[in-house]
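According to this note's numbering, the sequence shown is numbered sequentially starting from 108.
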Amino acid sequence: MFALVARLLLLVCLALPLYGVEKVRNRGYRKDPDADKLGSCLQGPAGTPGRDGNPGANGIPGTPGIPGRDGLKGEKGECISEIFEEPWRPNYKQCAWNSLNYGIDLGKVADCTFTKLRSDSSLRVLFSGSLRLKCKNACCQRWYFTFNGAECTGPLPIESIIYLDQGSPELNSTINIHRTSSVEGLCEGVKAGLVDVAVWVGTCADYPRGDASTGWNSVSRIIIEELPK
108 MFALVARLLL
118 LVCLALPLYG
128 VEKVRNRGYR
138 KDPDADKLGS
148 CLQGPAGTPG
158 RDGNPGANGI
168 PGTPGIPGRD
178 GLKGEKGECI
188 SEIFEEPWRP
198 NYKQCAWNSL
208 NYGIDLGKVA
218 DCTFTKLRSD
228 SSLRVLFSGS
238 LRLKCKNACC
248 QRWYFTFNGA
258 ECTGPLPIES
268 IIYLDQGSPE
278 LNSTINIHRT
288 SSVEGLCEGV
298 KAGLVDVAVW
308 VGTCADYPRG
318 DASTGWNSVS
328 RIIIEELPK
């Protein structure tokens with residue numbers, strides 16, 4: 108009996124310390140009601156944002172990609188050729204005669220040779236001199252230019268005429284007047300090279316010729332000038 112009581116006392120002595128320790132454990136780990144919201148610890152105020160870090164070093168170059176396919180063929184472009192021409196230089200000539208006094212009624216009066224530099228240019232020609240026509244009845248004479256023996260066709264001939272009507276006894280039908288006149292025009296289509304420019308005298312269509320005179324007692328001249336189109 109005594110042995111039984113001793114054992115019970117021994118068990119009580121061993122159990123009391125364990126009960127105190129468990130109670131202390133439960134008391135030190137009391138659960139905070141806000142633990143589920145803030146975690147196991149209380150959240151403090153936000154700290155100052157940190158500065159950006161230094162840029163990192165370049166990475167290792169990647170491997171070359173797969174070459175792309177050829178694109179669709181484009182439309183054919185326009186061919187534009189640039190033409191660089193030399194600046195235009197004046198090209199002219201003058202032939203002059205003192206007292207030509209040429210009294211023919213049909214034929215060449217005077218000529219002047221000219222070197223034309225371009226085929227796409229034009230020729231401006233001028234004859235200046237004394238012209239006269241005399242007749243008892245109505246008559247007409249024509250002074251005109253030729254280029255290498257042919258009249259201008261670009262666009263039309265270059266000419267000048269004098270017409271004299273039938274006179275009367277009171278006005279003297281054989282009147283003899285010499286006047287300085289001109290024959291002038293522009294001719295296109297004359298090829299480049301040596302050009303024989305000449306002044307001729309002839310008759311007018313459907314009219315009889317009279318007594319013509321060219322360059323009497325005065326200076327006569329032919330002026331030739333090459334002009335760009």
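No residue lacks a Cβ here, since even glycine has one placed at the ideal position from N, Cα and C.
| Check | Outcome |
| --- | --- |
| Best match in L224, S325 and G214 for proximity to P197 [C-alpha to C-alpha] | L224 |
| Unbroken beta strand (DSSP E) run spanning T260, endpoints | Careful: T260 lies outside any beta strand (DSSP E) and carries neither H nor E. |
| Rounded separation between D313 and V290 - CA only | 21 angstroms |
| Distance between P335 and Y209 (C-alpha atoms, nearest Å) | 34 angstroms |
| V297 (DSSP reduced to helix, strand or coil) | coil |
| Buried versus exposed call for A299 [16 or more other C-beta atoms within 10 Å across all chains shown] | exposed |
| Sequence-distant residues of its chain with Cβ nearer than 6 angstroms to Y199 (five each side left out) | E332 |
| Distance between beta carbons of I269 and L238, contact taken as under 8 angstroms | 6 angstroms |
| A203, enclosing beta strand (DSSP E) - first and last residue | N198 to N205 |
| Candidates C242, G184 and V297: closest to A257 by CA position | V297 |
| Test item: CB-CB of I265 and C219 under 8 angstroms | no |
| Span separating the alpha-carbon of R286 from that of G236 | 8 angstroms |
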